[in-house]
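Trainee:
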Amino acid sequence: MGRQNHREAGALRVFTESVAPAEWDSYVDRHPLATAYHRVSAVLVGRKEFGLDVWFLTAEEDGRIVGLLPLVEQSSLLFGCFLVSLPFFTYGGILADNDRVAAALSAAAAALGQTRRVDHIELRHRIPLTGLGMPDRLDKVSLVLSLPASESELGKRLGSKLRSQIRRAEREDPEVIWGGAELIPDFYLVFSRSMRDLGTPVYPRGFFESVCRALEDRVSILVVRVRGQVQAAAIIVRHGKCIEVPWAAATPDAKRNAINMRMYWELLAFSVRAGAELFDFGRSTVHSGTYRFKMQWGAKPMQLYWHYWLPEGHEIPKLNQSNPKYALAASLWSRMPVWCANLIGPMIVRNLP
């Protein structure tokens, strides 16, 4: 798709392209609300791994970028057609110098949605963009912990109960291993089983390999083994002074023996040593089991604002397990053999935001 000028207001123009302009990442690097997922390589994960259409919306004024919005198009008979910024990750949405630019990008996204005949557009923001006039969902939060300057201070803040649970794992003599993409097979062994147990289709292993290639040194992987068997694993991503854990999993044995608690201690201690100021435990539904687990570490909820463009007469979609429409499917999926879930899951998840 060539460069399309969707909107012009004075000197402000918004262009929609299938290829990002050369200055895209430079703008991402200097915007205070940007995440690693806004970078071109991360936006393209959906195209490279699943063959999805990707769109780069760029606002320019006086020849310089003043805002941008990446969009990924997904479509299936079951879930419909939609544009998301960004699927597969918690964060995305509009980055702009001001409200006027944000509104222009929103209007260009709506124009693209009409052209592509999508059922909705979902923009995942960390702050409310009230000037867009778009309905939003407020049922998701990120749980974020402010980090001290030292591991000893971190231990004091956690309190005696958590410290006791972390020490309990020492009875199992856990082996803690840090690395990169070479640990994806170990991570996937635990993660795929955990997703099956939750009744959720799993990403293919290649997806995580694509993420590691896209984010390079921003990604690290932690694996915890007990007697040679992988019992817990996590992937972390660095955004400036914040370290996020978007994917983590532990076996039932790991949870019984507090290996999962040891894993989170290692994640937090690593973040302190790396000089991070914030640790993002990832997205949760308010008052869910994972929400309560993360809160016990002292994390505070950070409201997420998911804004929607909807054709007339459409409602905000509920493409999750809380929707009774999908509850039976999730229950049946959790009973499926792991090998079968790993085979079928990737064919479904490519179209799940």
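Using the numbering used here, the first residue of the sequence shown is number 1, and each one after it goes up by one.
By construction, the Cβ of each residue, glycine as well, lies at the ideal position given by its N, Cα and C atoms.
Quick caveat: nothing in here was measured; it's all calculated off a predicted structure.
#1: Taking the continuous alpha helix (DSSP H) assigned at Y27, which residues delimit it?
#2: Kindly indicate which three-state DSSP category H287 falls into: helix, strand or coil?
#3: In chain order, what residues of the same chain have a beta carbon less than 8 Å from the beta carbon of C81, not counting five sequence neighbours either side?
#4: Can you check which of these residues, A232, L138, A149, L183, is closest to P174 by C-alpha distance?
#5: Return the first residue and the last residue of the alpha helix (DSSP H) that R167 is part of.
#6: Tell me which same chain residues have a C-beta within less than 6 Å of the C-beta of V226, skipping the five on either side of it?
#7: Mind the definition here: the segment 305-320 touches the segment 286-296 only if three or more C-beta pairs lie below 8 Å; say whether that holds.
#8: Let me know the secondary structure DSSP gives P204 once reduced to three states.
#9: Please look up how many angstroms separate the CB atoms of L78 and A102, rounded, as I've assumed it's under 8 Å.
#10: The beta strand (DSSP E) with D53 in it runs from where to where?
#11: What is the DSSP secondary structure of I94, reduced to helix, strand or coil?
#12: Cα-Cα, which of R213, H38, A108, G46 is closest to A59?
#13: Put I316 into one of helix, strand or coil per three-state DSSP.
#14: Is it buried or exposed for L71, if we count other Cβ within 10 angstroms and need 16 for buried?
#15: Look up I121 in the DSSP assignment and give the residues it is bridged to.
#16: Exposed or buried, which one is P135 when buried takes at least 16 other CB atoms within 10 Å?
#17: Look at L12 and A104 and say whether their C-beta atoms are less than 8 Å apart.
#18: Would you call the segment 187-194 in contact with the segment 22-32, where contact means no fewer than 3 C-beta pairs closer than 8 Å?
#19: Hey, T35 and Y91 are a contact pair by Cβ (cut 8 Å); roughly how many whole angstroms apart?
#20: Tell me whether D186 is buried or exposed, calling it buried when 16 or more other Cβ atoms sit within 10 Å of its Cβ.
#21: Our contact map puts G155 next to R163 with C-beta atoms below 8 Å; I'd like the distance itself, whole angstroms only.
#22: Tell me the DSSP secondary structure of M195 in three-state form.
#23: Measuring alpha carbon to alpha carbon, tell me which residue in I177, Y203, V286, L95 is nearest S220.
#24: With a threshold of 8 Å on Cβ separation, who are the neighbours of L278 within its own chain once the five nearest residues in sequence on each side are excluded?
#25: In the DSSP output, which residue or residues are listed as bridge partners for D280?
#26: Quick one: Cα of L268 to Cα of R218, how far?
#27: Under the three-state reduction of DSSP, which class applies to M295: helix, strand or coil?
#28: What residue range is occupied by the uninterrupted alpha helix (DSSP H) comprising G46?
#29: Roughly how many whole angstroms lie between the Cα atoms of P87 and Y37?
#30: So for L68, helix, strand or coil by DSSP?
#31: Hey, quick one: how far does the beta strand (DSSP E) through S220 stretch, first residue to last?
#32: If the criterion is Cβ atoms closer than 8 Å, does the pair T285 and D53 meet it?
#33: Keeping to the same chain, check which residues put their C-beta closer than 7 Å to that of S142; ignore five residues upstream and five downstream.
#34: What residues in its chain sit with their C-beta under 6 Å from that of G248, if we drop five residues either side in the sequence?
Mentor: In short:
#1: First-last of the alpha helix (DSSP H) with Y27: 24-30.
#2: The three-state reading of DSSP puts H287 in coil, since its state is none of H, G, I, E or B.
#3: Non-local C-beta neighbours of C81 in its own chain, meaning closer than 8 Å and more than five positions away in sequence, comprise E73, Q74, S75, R116, R117, V118, D119, ordered along the chain.
#4: Ranked by how close their Cα comes to the Cα of P174, the residues A232, L138, A149, L183 have A232 in first place.
#5: Taken as a continuous stretch (DSSP letters only), the alpha helix (DSSP H) holding R167 covers 160-168.
#6: Taken in chain order, the residues that qualify are E172, P174.
#7: Because the criterion of three Cβ pairs below 8 Å is not met, the segment 305-320 and the segment 286-296 do not touch.
#8: Coil at P204, not helix or strand.
#9: Between A102 and L78 the Cβ distance is about 32 Å, and since that is not below 8 Å, they are no contact.
#10: For D53, the uninterrupted beta strand (DSSP E) run begins and ends at 53-61, by DSSP.
#11: Coil at I94, not helix or strand.
#12: Checked all of R213, H38, A108, G46; the closest Cα to A59 is A108.
#13: Correct three-state label for I316: coil.
#14: Around the beta-carbon of L71, 16 or more other beta-carbon atoms lie within 10 Å, marking it buried.
#15: I121 is bridged to L83, W309.
#16: With fewer than 16 Cβ atoms within 10 Å of its Cβ, P135 is classed as exposed.
#17: Closer than 8 Å, so yes.
#18: No, the segment 187-194 is not in contact with the segment 22-32.
#19: T35 to Y91, Cβ: 4 Å. Contact.
#20: Classification for D186: buried.
#21: Correct: roughly 6 Å between the Cβ atoms.
#22: Of the three classes helix, strand and coil, the one that applies to M195 here is helix, per DSSP.
#23: Considering only I177, Y203, V286, L95, the residue with the shortest C-alpha distance to S220 is I177.
#24: Excluding its 5 nearest sequence neighbours in each direction, L278 has C-beta neighbours in its own chain below 8 Å: V144, L145, S146, L147, K241, C242, I243, listed in chain order.
#25: Answer by DSSP bridge pairing, in chain order: V144, E244.
#26: In this structure, the CA atom of L268 is about 16 Å from the CA atom of R218.
#27: In this structure, DSSP gives M295 a helical state, which the three-state scheme calls helix.
#28: Its alpha helix (DSSP H) spans residues 45-50.
#29: Our two residues, P87 and Y37, have alpha carbons roughly 10 Å apart in a direct line.
#30: Reduced to three states, the DSSP call for L68 is strand.
#31: Membership of S220 in the beta strand (DSSP E) is indicated by the continuous run 219-226.
#32: No. Outside cutoff.
#33: The answer, listed in chain order, is T90, D280, G282, R283, M302, L304.
#34: Reading off the sequence shown, one finds Ala at residue 248, where the question assumed Gly. Hits under 6 Å: A234.
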